[in-house]
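2 protein chains.
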Amino acid sequence: MLEVRPQPESGPARSNAQAGLSIAEAARRTGVSVHTLRYYERAGLVVTPVERTHGGQRRYCQLDLDWITVCTKLRATGMPIRVIRRYAQLVSAGHGNERERLALMEAHRADVLAKLAELQENLELIDHKIDVYRGRLAAGDADRLWAPTR
Amino acid sequence: MLEVRPQPESGPARSNAQAGLSIAEAARRTGVSVHTLRYYERAGLVVTPVERTHGGQRRYCQLDLDWITVCTKLRATGMPIRVIRRYAQLVSAGHGNERERLALMEAHRADVLAKLAELQENLELIDHKIDVYRGRLAAGDADRLWAPTR
DNA sequence: CTAGGATTTAGAGCGTGCTCGAAGTCAGGC
DNA sequence: GCCTGACTTCGAGCACGCTCTAAATCCTAG
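Just so you know, the sequences run in chain order A and B.
Taking my numbering, I'd label the letters of the first sequence as residues 1 to 150.
Taking my numbering, I'd label the letters of the second sequence as residues 1001 to 1150.
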């Protein structure tokens, strides 16, 4: 009946056995579905394997949630799963690859800036159309721009 | 051998028979593939049926190109094909539906603004990561943030 | 101990937006 | 008139990112 598992926290600090959140709670906190959480894991987006109970159920710690949040933010900026996986590999490989991580992020930043510019540019068309329609409605005028004038 | 068909323009003004550009030239000018041009037509995005030669080949006029450009700009802002089709239906229906067109565009504008805000917000994470990696590289320091610290 | 909701897996399914292919037709320079 | 490259239709294929399913297992309140 609607378990919440708000971190029993019986042991000392963390990395214990039964500590951590259920996948449902992790999904709630990260804003993605449990399906997506499992999919991300299968897709190789995780940096550190999520802990499991004795029986094999996932138990998420804060670090896991934080990383998933990073993933969702990267996804929200349009980074493909494949690239996030690459990034996750670099991160979990540890030090020594900062240059590649930097290159990856800089490339993605360029993509995002380009996307922003494109959105902003094309927003002008939308604004223009809105202006036109507002004007016509205000004037009670009828349309005759894109109608079959042929 | 690489026909260009730069508007023979034999008749008076337009809407003639053999006037208009081939699909290849239309694709070149609008920046989409011929496949996509045909797909858009099939998908019901056209406002006015593209003219055809006696033999059934498409001949695009400037109005067609302009409309396709509108479609690509709407696509570039993330408007789904289905919504563009609806918009095209409204436009080709002629006057009297400005209110609905306006509502459609205003809703889309809101979507675009939300997307812009989301991109900009998540860009901060990217910038932060870039800062971090640049700092580490500058300091010659090694990574220890997302490494398996467990 | 038990009941029953939550979780597990691997794989299939889906929605979107193209992109391609096959087999046949057309157009226009020679 | 003919040859060849461009064009036609329309259904299949594809890449992506989830989303769902089924059958089995787990976990915990009672």
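Beta carbons: idealized from backbone N, C-alpha and C, even for Gly.
Tell me whether residue i is buried or exposed, calling it buried when 16 or more other Cβ atoms sit within 10 Å of its Cβ.
i	result
Glu121(A)	exposed
Glu1025(B)	buried
Gly1135(B)	exposed
Arg1082(B)	exposed
Ala88(A)	buried
Ala1027(B)	buried
Tyr40(A)	buried
Taking the alpha carbon of residue i as the point to measure from, which residue in the options has its own alpha carbon closest?
i	options	result
His1095(B)	Ala76(A), Tyr133(A) and Ile84(A)	Tyr133(A)
Arg1058(B)	Gly1020(B), Ala1114(B) and Asp1131(B)	Gly1020(B)
Thr69(A)	Leu113(A), Gln89(A), Lys115(A) and Leu37(A)	Leu37(A)
Glu1124(B)	Tyr60(A), His108(A) and Val47(A)	His108(A)
Gly944(B)	Lys129(A), Gly44(A) and Asn97(A)	The structure shown does not extend to residue 944(B), since chain B is modelled only from 1001 to 1150, so the question has no answer here.
Tyr1060(B)	Val1034(B), Met1079(B), Pro1080(B) and Ala1043(B)	Val1034(B)
Arg42(A)	Ser22(A), Thr30(A) and Ile84(A)	Ile84(A)
Val1047(B)	Arg1086(B), Thr1030(B) and Ala1027(B)	Arg1086(B)
Pro1049(B)	Gly1031(B), Ser1092(B) and Thr1030(B)	Ser1092(B)
Lys129(A)	Glu1106(B), Gly1031(B), Met1079(B) and Leu1045(B)	Glu1106(B)
Gly1044(B)	Gly1031(B), Arg1028(B) and Pro1080(B)	Pro1080(B)
Ala110(A)	Leu137(A), Ala138(A), Gly78(A) and Asp131(A)	Gly78(A)
Kindly give me the distance between the Cβ atoms of residue i and residue j, rounded to whole angstroms, as I take these residues to be in contact under 8 Å.
i	j	result
Leu119(A)	Leu1090(B)	Wrong, their Cβ atoms sit about 23 Å apart, outside the cutoff.
Ile1126(B)	Val112(A)	6 Å
Within 8 Å, do at least three Cβ pairs link the region 61-73 of chain A to the region 92-106 of chain A? With fewer than three CB-CB distances shorter than 8 Å, the region 92-106 of chain A does not count as touching the region 61-73 of chain A.
Using a Cβ-Cβ cutoff of 8 Å, what residues of the region 1125-1139 of chain B are near chain A? List them in chain order. Residues passing the 8 Å Cβ filter: Leu1125, Ile1126, Asp1127, Lys1129, Ile1130, Tyr1133, Arg1134, Arg1136 and Leu1137.
Chain B contacts from the region 71-95 of chain A (Cβ-Cβ distance under 7 Å): Here the close residues are Lys73, Ala76, Thr77, Val91, Ser92, Gly94 and His95.
Contact between the region 48-55 of chain A and the region 73-88 of chain A: three or more CB pairs below 8 Å? The region 48-55 of chain A, when compared against the region 73-88 of chain A, does not touch it at the 8 Å Cβ threshold.
Residues of the region 39-58 of chain A whose Cβ lies closer than 7 Å to any Cβ of chain B, in chain order: Of all residues in the region 39-58 of chain A, Val47 and Thr48 have a Cβ within less than 7 Å of some Cβ in chain B.
For the region 18-33 of chain A, list every residue whose C-beta sits within 9 Å of some C-beta in chain B, in sequence order. Result list empty, no residue passes.
Residues in the region 103-119 of chain A with C-beta within 7 Å of chain B's C-beta atoms, listed in sequence order? If the cut-off is 7 Å between Cβ atoms, the region 103-119 of chain A has Met105, Glu106, His108, Arg109, Val112, Lys115, Leu116, Glu118 and Leu119 near chain B.
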